[in-house]
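Chemist: One structure, as structure tokens, below. Some questions next.
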């Protein structure tokens, strides 16, 4: 791969740029990212030279084994973006769309060695303090709240009305924020992930919001992730705490929102999945793992940087080169999955949460949100059906993710949940005082005060009994 200065500009509407390298951005790449990955695999093997925004050169890792090699050997492939040659030489400025996700920050996923161990311990130890049953109660509470907003209509878009908002509502509570922050943070987080022209401004909004949260928690600690992060023995600075909150919030939002939408679509459309569930051979957690194989929430992760000249997948990598982990491509690597129609029950060796020392520390929280949220949705709306033909469901792809724009469904209209008896009332969310500069209040909605009482039969047996 050439390491010369910025290649001469070409029209980004076309998929091939200078030196014949394929672009990972623009209309052609975004229309069919999986198809592009397979073209690259056929042309170059398990590691392919590509172009990023601004026609910056990079390597896309396509093989499952090669992805794990990169993720597990920080001595060869560092997470420190200060090693990126193009950034060192001034080709990635403050306004570049990749800057919010690639510029070095004082967080655990941008450092290696002892610094990584110190910072990551603060995150993992704080996550481990959560009561998993408490998380599921929050998920049930907010899932019911969201469902109540559209249950009487008999139809809804489950992306905008459910999948995108549930993870952020839960995460704002776990971080110790007011739930009214959820809608604005959803918009800003999605904009950052897409790497749009306004991604830098969206990142500034998120950072301002989290800075105010840290200042408040320093003054008034609570029983929440932010307080635990600040109290950890690692002695994080305010800047380190803000940056880690941003990482946790954005990662949890994008991965979980996509996981919820993709799993619901599978439940509604995949005959093999439906037959397996009705026959009792696949649990909902199994179904989530299948989706994590076939539709990982992040298609790629940016990035790793070569610490020296090396070789990977038959390609000669130069010091300072950027590498992208191709999670979606690695999950369908023919060397490990020659037949994609075969289920992968109980197999968690997918790349959806990366691997090695930087493997996602909050993946079990994401699974709990998706699992409980979907279970609640299908229990409340047992005759849920897809509202359009599956091929009419719109998607939007970006460098790092592919997500549904809409998931239209229809169902028998249902009333809002009545208030339950005091003996089964859920604990009220722990709220901070509003941070006035960050977000306006959300329109008031009826918040269920109790977890739905259900029988011992599982949602899939009730749902499929009428089909």
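Residue numbers (this note's numbering): 49 to 515. By construction, the Cβ of each residue, glycine as well, lies at the ideal position given by its N, Cα and C atoms.
Measuring only the C-alpha atoms, how far is residue 12 from residue 273?
Modeler: Residue coverage of the chain in this structure runs from 49 to 515, which leaves residue 12 outside it and unanswerable.
Chemist: Pick helix, strand or coil for residue 452, following the three-state DSSP scheme.
Modeler: The answer is strand: DSSP assigns residue 452 an E or B state.
Chemist: DSSP state of residue 204, grouped into three classes?
Modeler: Strand at residue 204.
Chemist: Just mark residue 285 as buried or exposed, buried being the case when its beta carbon has 16 or more other beta carbons within 10 Å.
Modeler: When all chains shown are included, residue 285 counts as exposed.
Chemist: Under the DSSP definition of a beta bridge, which residues are partnered with residue 125?
Modeler: Residue 125 is bridged to 354.
Chemist: How many Å lie between residue 169 and residue 282 at the Cα?
Modeler: Rounded to whole angstroms, residue 169 to residue 282 spans 8 Å at the Cα level.
Chemist: What do you get for residue 423, buried or exposed, if any count of 16 or more other CB atoms within 10 angstroms of its CB means buried?
Modeler: The residue is buried, with at least 16 neighbouring Cβ atoms inside 10 Å.
Chemist: Leaving out five residues before and five after residue 220 in sequence, what residues of the same chain have Cβ atoms less than 6 Å from its Cβ?
Modeler: The answer, listed in chain order, is 227, 229, 230.
Chemist: By the three-class DSSP mapping on this structure, what secondary structure does residue 152 have?
Modeler: Correct three-state label for residue 152: coil.
Chemist: Quick one: residues in its chain with C-beta nearer than 7 Å to the C-beta of residue 449, no 5 flanking neighbours on either side, listed in chain order?
Modeler: So the qualifying residues of the chain are 241, 302, 306, 345, 346, 347.
Chemist: Residue 194 and residue 222 look like a contact to me (Cβ under 8 Å); what is the Cβ gap, rounded to whole Å?
Modeler: 17 Å between Cβ atoms; not a contact.
Chemist: Residue range of the alpha helix (DSSP H) that residue 305 falls in?
Modeler: It spans 286-317 - the alpha helix (DSSP H) in which residue 305 sits, taken as one unbroken run.
Chemist: Do residue 369 and residue 142 have their C-beta atoms closer together than 9 Å?
Modeler: Not closer than 9 Å, so no.
Chemist: What distance in whole Å lies between the Cβ atoms of residue 196 and residue 465, which are believed to be in contact at a cut-off of 8 Å?
Modeler: Sure, about 6 Å apart at Cβ, within 8 Å.
Chemist: On the CB-based measure, 16 or more other CB atoms within 10 Å of its CB, does residue 415 come out buried or exposed?
Modeler: Residue 415 should be labelled buried.
Chemist: Which residue from 123, 76, 232, 127 puts its Cα closest to that of residue 406?
Modeler: For the residues 123, 76, 232, 127, the minimum Cα distance to residue 406 belongs to 127.
Chemist: With contact counted as at least three CB pairs below 8 Å, one residue from each stretch, are the segment 353-370 and the segment 381-392 in contact?
Modeler: The segment 353-370 is not in contact with the segment 381-392.
Chemist: When the distance is taken between beta carbons, is residue 355 closer than 9 Å to residue 123?
Modeler: Yes.
Chemist: With DSSP run on the structure shown, which of helix, strand or coil describes residue 174?
Modeler: Of the three classes helix, strand and coil, the one that applies to residue 174 here is helix, per DSSP.
Chemist: If residue 236 and residue 210 are in contact, beta carbons under 8 Å, what's the gap, nearest whole angstrom?
Modeler: Not confirmed; about 19 Å, so no contact.
Chemist: Put residue 512 into one of helix, strand or coil per three-state DSSP.
Modeler: Only weak support is given to the placement of residue 512: the predicted model assigns it a pLDDT of 29, under 50, and the value that follows is read from those uncertain coordinates. Here residue 512 sits in helix by DSSP.
Chemist: So for residue 137, helix, strand or coil by DSSP?
Modeler: Coil at residue 137, not helix or strand.
Chemist: Report all residues from its chain with a CB closer than 6 Å to the CB of residue 94; omit the five preceding and five following residues, and keep chain order.
Modeler: 110, 111, 114, 361, listed in sequence order.
Chemist: Looking only at its chain, what residues have a beta carbon closer than 8 Å to the beta carbon of residue 394, apart from the 5 residues adjacent to it on each side?
Modeler: Counting only Cβ-Cβ distances below 8 Å, and skipping sequence neighbours, we find 334, 337.
Chemist: Return the CA-CA distance between residue 341 and residue 391, expressed in angstroms with no decimal places.
Modeler: In a straight line, the C-alpha of residue 341 is about 10 Å away from that of residue 391.
Chemist: For residue 212, does the count of other Cβ atoms within 10 angstroms reach 16, so buried, or fall short, so exposed?
Modeler: When all chains shown are included, residue 212 counts as buried.
Chemist: Can the beta-carbon of residue 425 be found less than 9 Å from the beta-carbon of residue 312?
Modeler: Yes. Within cutoff.
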